[in-house]
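In UniProt numbering, the protein residues as written are 1 to 430. Think of the CB as a built atom: it goes at the ideal place given N, C-alpha and C, for glycine as much as any other residue. Here the structure is a predicted model, which is why all the values come from computation and not from measurement. These notes concern the structure reproduced below.
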Ligand code: FES
Ligand SMILES: [Fe+2]
């Protein structure tokens with residue numbers, strides 16, 4: 001499918017179903033959108049020591065996030081410069097001082113440069129030193145670390161990190177400042193789910209305020225009934241599950257901000273997380289550490305979801321991020337990471353872990369409600385019938401004139417339309 005044809009699949013308020021089902025569209029997304037955008041790789045607390053690494057993917061490129069002896073962080077291709085073999089197969093570990101390819105034993109330093117190759121003498125006089133392989137491992141085009149969050153752009157050229165994310169970075173500031181020392185650390189591993197659906201269904205749903213009351217009806221009804229019937233139920237689980245029953249009116253005043261490049265903050269006024277019980281001593285610790293004014297900003301920042309388009313959705317409280325790794329046109333890997341704000345009460349971590357188990361784990365009473373619907377969309381949109389996905393709710397021509405839109409009513413589908421404005425722009429870049 002030509003690029004022009006692909007761009008015509010996305011209109012201002014409706015989307016052609018081919019964007020979710022056509023493998024050629026997916027190929028172009030990987031070659032263009034995921035090549036040009038800033039993608040979340042990992043958190044620096046996952047590689048605290050020299051030689052530590054995690055392996056993951058940016059689009060369909062396998063990458064390693066590595067810390068070297070100078071404490072610099074590198075994003076290297078997990079692909080040997082000799083013949084392309086995968087260097088590392090584990091998801092995390094320590095490389096020691098170098099990484100050695102399991103195929104023909106070429107070795108690389110922690111910054112990706114070539115350290116040694118067997119029978120080096122046999123390359124003398126061949127011009128090897130000027131060939132691409134001699135430069136060592138390919139690296140990401142650019143890397144940025146913001147409050148410990150590591151992002152990379154595959155393309156060596158393109159829009160800079162700060163320009164790409166703009167003011168949405170304030171959400172990472174607030175999340176990091178939920179620690180008295182301003183630092184987060186990944187707590188343990190992640191919950192990973194493979195979903196048989198296109199990545200965009202998930203990212204839209206993160207901003208879909210109209211679905212919880214119907215999609216998650218069984219989850220909050222069960223919680224309500226259990227609360228009536230049994231005394232002494234875990235109050236933490238109840239306070240996390242019951243808000244899934246919030247009605248349309250609740251979302252109509254929660255406040256939303258949408259940004260250029262598809263980013264958004266859903267819940268600038270409040271969200272389903274705002275009513276959580278105080279953790280003893282926590283607010284005082286934040287006030288003491290950051291001063292009253294900043295503490296008020298941090299403590300009042302409880303968005304439902306902040307999108308760092310196209311790869312990450314963060315919450316503020318609980319301290320959780322979700323990361324989308326597209327696998328193919330109809331398969332997506334979801335990672336859920338919980339953070340502990342360093343120096344804060346362990347209860348914050350427990351809150352994050354509890355939410356993660358309740359809402360995202362294989363034993364969740366919430367996640368399956370969504371995923372089974374995304375998977376049904378993936379199947380049904382390939383069948384006959386209306387080929388267009390409808391995003392007309394509260395459409396207003398004026399929204400197209402502005403790069404940043406701020407409004408009260410989160411039921412406005414602009415919060416989803418905004419993702420597709422970005423999709424179209426990013427798909428046009430080379
Ligand atoms: S493919 Fe890695 S050393 Fe040959
Ligand atoms: Fe949901």
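Close beta carbons around residue i, own chain, < 6 Å, minus the five adjacent residues each side
| i | result |
| --- | --- |
| residue 257 | 265, 268 and 406 |
| residue 19 | 9 and 25 |
| residue 259 | 166, 168 and 404 |
| residue 105 | 118 |
| residue 113 | 136 |
| residue 153 | 38, 141 and 142 |
| residue 412 | 394 |
| residue 85 | 101 and 103 |
Residue i burial status per 10 Å Cβ neighbour count (16 or more: buried)
| i | result |
| --- | --- |
| residue 98 | exposed |
| residue 292 | exposed |
| residue 212 | buried |
| residue 419 | buried |
| residue 253 | exposed |
| residue 351 | buried |
| residue 4 | exposed |
| residue 55 | buried |
| residue 318 | buried |
| residue 181 | exposed |
| residue 22 | buried |
| residue 438 | The question about residue 438 has no answer here: the residues shown for the chain are numbered 1 through 430. |
| residue 102 | exposed |
| residue 109 | buried |
| residue 210 | exposed |
| residue 349 | buried |
| residue 381 | buried |
| residue 121 | exposed |
| residue 372 | exposed |
| residue 262 | buried |
| residue 124 | exposed |
Sequence-distant residues of its chain with Cβ nearer than 7 Å to residue i (five each side left out)
| i | result |
| --- | --- |
| residue 179 | 341, 342, 343 and 344 |
| residue 171 | 265, 303, 306, 314 and 316 |
| residue 44 | 73, 145, 148 and 150 |
| residue 327 | 333 |
| residue 311 | 39, 40, 323 and 324 |
| residue 290 | 177 and 298 |
| residue 360 | 191, 336 and 367 |
| residue 271 | 254, 302, 303 and 304 |
| residue 30 | 59 and 60 |
Residue interval of the beta strand (DSSP E) (run including residue i)
| i | result |
| --- | --- |
| residue 186 | 184-186 |
| residue 258 | 256-258 |
| residue 425 | Careful: residue 425 lies outside any beta strand (DSSP E), inside the alpha helix (DSSP H) at 414-428. |
| residue 146 | 142-146 |
| residue 108 | 107-109 |
| residue 53 | 52-58 |
| residue 153 | 149-153 |
| residue 405 | 405-407 |
Close-in-space but distant-in-sequence residues of the same chain around residue i (CB under 8 Å, 5 per side omitted)
| i | result |
| --- | --- |
| residue 132 | 81 |
| residue 139 | 74, 75, 76, 77 and 112 |
| residue 224 | 242 and 245 |
| residue 424 | 7 and 10 |
| residue 239 | 275, 276 and 277 |
| residue 378 | 20, 21, 196, 197, 198, 201 and 330 |
| residue 49 | 67 and 94 |
| residue 14 | 388, 389, 390, 391 and 392 |
Terminal residues of the alpha helix (DSSP H) in which residue i lies
| i | result |
| --- | --- |
| residue 161 | 161-165 |
key: Touching by the beta-carbon criterion (3+ pairs, under 8 Å), the segment 147-167 and the segment 36-43   = yes
ask   = Does the segment 224-238 touch the segment 364-380, meaning 3 or more C-beta pairs lie closer than 8 Å?
value = no
query = What residue ranges within the segment 167-234 form continuous alpha helix (DSSP H) runs of no fewer than 4 residues, ordered along the chain?
reply = 170-176, 199-206, 212-215 and 217-229
Entirely enclosed beta strand (DSSP E) segments - the segment 346-399, minimum 3 residues = 388-390
request  = Within the segment 2-47, note down every full alpha helix (DSSP H) run reaching 4 residues or more, in order along the chain.
outcome  = 3-7, 18-21 and 23-28
ask   = Counting only runs that start and end within the segment 242-297, where is the alpha helix (DSSP H) found for 4 or more residues in a row?
value = 248-251 and 282-290
inquiry  = Below 8 Å, how does it come out for the segment 277-290 and the segment 381-400: are there three or more Cβ pairs, yes or no?
reply    = no
query = Between the segment 191-203 and the segment 62-72, are three or more C-beta pairs nearer than 8 Å?
reply = no
request  = Could you tell me whether the segment 213-220 touches the segment 188-195, where touching means 3 or more Cβ pairs closer than 8 Å?
outcome  = no
request  = Entirely within the segment 291-344 and at least 4 residues each: give me those alpha helix (DSSP H) ranges in chain order.
outcome  = 292-300
task = At 3 residues or longer, and completely inside the segment 63-117: list those beta strand (DSSP E) runs for me, N to C.
result = 73-77, 92-94, 98-100, 107-109 and 114-116
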